[in-house]
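I have placed the structure first, in the form of structure tokens, so that the comments after it can refer back to it.
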Amino acid sequence: VVFSRFCSPCDIKELLCTALGVPNTNLSLLDSSGAMVSIDPTMPHNTESPYRVVPLSGGQLAKEELFQNVLTQVAEQFSAFKINELKTEVTNRLAMLEKRVEEGMKVVEIEKCRNDIKKLREEMVSRNNHFLDDNKKLTPRRDVPSYPKYHLSKETVEALRLPTFDAWQWEPNEMLSCLEHMYHDLGLVKDFNINPITLKRWLLCIHDNYKNNPFHNFRHCFCVSQMMYSMICLCSLQKFSQVDILILMTAAVCHDLDHPGFNNYQINARTELAVRYNDISPLENHHCAVAFQIFAQPDCNIFSNFDPEAFKQIRQGTITLILATDMARHGEILDSFKQKVDNFDYTDEEHVTCLKMVLIKCCDISNEVRPMEVAEPWVDCLLEEYFMQSDREKAEGLPVAPFMDREKVTKPTAQIGFIKFVLIPMFETVMKQLFPQIEEAMVQPLRESRDRYEELKQIDDAMNE
Numbered sequence: 001v002v003f004s005r006f007c008s009p010c011d012i013k014e015l016l017c018t019a020l021g022v023p024n025t026n027l028s029l030l031d032s033s034g035a036m037v038s039i040d041p042t043m044p045h046n047t048e049s050p051y052r053v054v055p056l057s058g059g060q061l062a063k064e065e066l067f068q069n070v071l072t073q074v075a076e077q078f079s080a081f082k083i084n085e086l087k088t089e090v091t092n093r094l095a096m097l098e099k100r101v102e103e104g105m106k107v108v109e110i111e112k113c114r115n116d117i118k119k120l121r122e123e124m125v126s127r128n129n130h131f132l133d134d135n136k137k138l139t140p141r142r143d144v145p146s147y148p149k150y151h152l153s154k155e156t157v158e159a160l161r162l163p164t165f166d167a168w169q170w171e172p173n174e175m176l177s178c179l180e181h182m183y184h185d186l187g188l189v190k191d192f193n194i195n196p197i198t199l200k201r202w203l204l205c206i207h208d209n210y211k212n213n214p215f216h217n218f219r220h221c222f223c224v225s226q227m228m229y230s231m232i233c234l235c236s237l238q239k240f241s242q243v244d245i246l247i248l249m250t251a252a253v254c255h256d257l258d259h260p261g262f263n264n265y266q267i268n269a270r271t272e273l274a275v276r277y278n279d280i281s282p283l284e285n286h287h288c289a290v291a292f293q294i295f296a297q298p299d300c301n302i303f304s305n306f307d308p309e310a311f312k313q314i315r316q317g318t319i320t321l322i323l324a325t326d327m328a329r330h331g332e333i334l335d336s337f338k339q340k341v342d343n344f345d346y347t348d349e350e351h352v353t354c355l356k357m358v359l360i361k362c363c364d365i366s367n368e369v370r371p372m373e374v375a376e377p378w379v380d381c382l383l384e385e386y387f388m389q390s391d392r393e394k395a396e397g398l399p400v401a402p403f404m405d406r407e408k409v410t411k412p413t414a415q416i417g418f419i420k421f422v423l424i425p426m427f428e429t430v431m432k433q434l435f436p437q438i439e440e441a442m443v444q445p446l447r448e449s450r451d452r453y454e455e456l457k458q459i460d461d462a463m464n465e
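Under the UniProt record's numbering, the residue at position 170 of the sequence shown is numbered 170, and the numbers go up by one with no gaps.
Following this line, the structure appears as structure tokens:
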């Protein structure tokens, strides 16, 4: 027989009395050896030698009651001991749980902090996406530059010297090799003792610091630099010093570094660039700053062999030319050049500087000098960038320039005025007084481009009538 642990000793005694047929009285339970067995649910199971149930006499009853009282007191003491033990165990477990909860809260808090830091970083990147990522971009590649040294064919070398060169056919690594060739071909590497490996590293760093904008990207940088190289070759600028040639080429390479894809938006939106440079050519000042941050890296400093005075001249000359690419200064610079061009003096430093400013301006906006199939994709790229800016300006309630508004501008209308009133007058001024040799190679293609866009406009107008 197995008794439930919820039975009381009295219930078991009553059951035994009923089984024996004796009146309800106190009983004593003895095992085979005559030893008393405690009547309770935990008593050992019966064996082959069964227990004996013996009714108690009065004296025995008193002893039994005394014994039961002792057992009860022992049980109570034991129960109290177990309760205290359980209390201690529960307390210890609670303390452990509290510690774990506290540690868990710390982990949650740390994770929350990490998420907050991540969001803050993303916000900073979003707000300052026009700025240079110093850790990523300005770290020079200390190993030997990895782009392959392409062997330029005779045809490629000759094509590089012409304004008709098609940059769309070349991959970035190939364009880097072409730029490297230009510095060697012009004698700049030899004359200024430029380390060829440093030149490679610098060009790679330049490439990495042009953003992937539709227009103002590394391919545009290459086109401007190649056009400058072409003008140097075509105009036979023997009256320029090698320092002037170095400044012209380096300014062309660096002139749009880290361009964000927006222009006068900087001032209208009061961006950090505009605040930093007091609304004075904020983009162009930023391009200069990035250029000389790169030169500040020893592994990218192609001017490392220059003495301080020579480097100062290079720095000032490069900054002057990059700042001249701000189209807001176009009228000012061209008027200044027109005043000097009739009596141009190559020995006058101010005259030479003004000419260099006009030359880089010509190269910067020279796409229409190239063949139609080369020039036209650049118009699409520029309009895409303009439309991205105007859409953002509309969303932010800023003024929108008509020539950037996708609802108002077409390809012909965008190009006709620019070619007629900006490009042709500037190139003709350079041609008539100083370099008549550019008429066939550069000015005539501009006139043909103007005529073609005027024809396209007439067709568009006829279709819209």
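We treat Cβ as the ideally placed atom computed from N, Cα and C, and that holds for glycine.
Would you give the residue range spanned by the alpha helix (DSSP H) that residue i belongs to?
i	result
residue 282	282-295
residue 55	Where residue 55 is concerned, there is no enclosing alpha helix (DSSP H), although the beta strand (DSSP E) it sits in stretches over 52-55.
residue 150	It is not in any alpha helix (DSSP H) - residue 150 carries neither H nor E in the DSSP assignment.
residue 388	372-395
residue 183	172-185
residue 189	188-191
residue 311	308-323
residue 258	Looking at the DSSP string, residue 258 is not in any alpha helix (DSSP H), and its letter there is neither H nor E.
residue 461	444-464
residue 223	218-235
residue 19	9-20
residue 437	Run containing residue 437: none; DSSP gives neither H nor E here.
residue 336	330-341
residue 272	272-276
residue 35	Careful: residue 35 lies outside any alpha helix (DSSP H) and carries neither H nor E.
residue 197	196-208
residue 411	411-418
residue 353	349-364
Report yes if the CB atom of residue i is closer than 8 Å to the CB atom of residue j, and no otherwise.
i	j	result
residue 424	residue 454	no
residue 325	residue 364	yes
residue 419	residue 390	no
residue 162	residue 225	no
residue 314	residue 202	no
residue 344	residue 242	no
residue 368	residue 446	yes
residue 385	residue 240	no
residue 54	residue 15	no
residue 460	residue 412	yes
residue 414	residue 456	no
residue 404	residue 421	no
residue 469	residue 248	Any answer about residue 469 is impossible in this case: the structure gives the chain only from 1 up to 465.
So which of the options has the shortest CA-CA distance to residue i?
i	options	result
residue 41	353, 12, 406, 287	12
residue 169	404, 272, 223	223
residue 48	182, 210, 32, 253	32
residue 318	376, 244, 260, 384	244
residue 219	260, 185, 175	175
residue 297	328, 279, 204	204
residue 293	172, 260, 206	206
residue 28	44, 462, 37	37
residue 443	452, 427, 308, 458	427
residue 35	20, 51, 462, 18	51
residue 213	247, 462, 261, 10	261
residue 221	462, 366, 20	366
residue 431	378, 362, 452, 185	362
residue 378	98, 208, 167	167
residue 400	263, 376, 278, 91	263
residue 10	95, 277, 39	39
residue 328	279, 371, 464, 397	279
residue 354	458, 370, 331, 452	331
Could you round the C-beta distance between residue i and residue j to whole angstroms and report it? I think they count as a contact, below 8 Å.
i	j	result
residue 299	residue 198	7 Å
residue 177	residue 150	4 Å
residue 165	residue 305	Incorrect: roughly 31 Å between the Cβ atoms, too far for contact.
residue 188	residue 194	7 Å
Less than 8 Å between CB atoms is the rule here; does residue i satisfy it with respect to chain B?
i	result
residue 357	Among the chains of the structure shown, chain B does not appear; only one protein chain is present.
Cβ pair count under 8 Å reaching 3, the segment 230-240 against the segment 432-452: yes
The segment 338-349 in contact with the segment 276-283 per 3-pair CB rule at 8 Å: no
At least three beta-carbon pairs within less than 8 Å, the segment 149-157 to the segment 175-190: yes
Cβ pair count under 8 Å reaching 3, the segment 329-337 against the segment 403-413: no
Contact between the segment 318-333 and the segment 247-257 (3+ Cβ pairs under 8 Å): yes
At least 3 beta-carbon pairs within less than 8 Å: the segment 288-297 vs the segment 355-362: no
Three or more C-beta pairs below 8 Å linking the segment 237-253 and the segment 386-405: no
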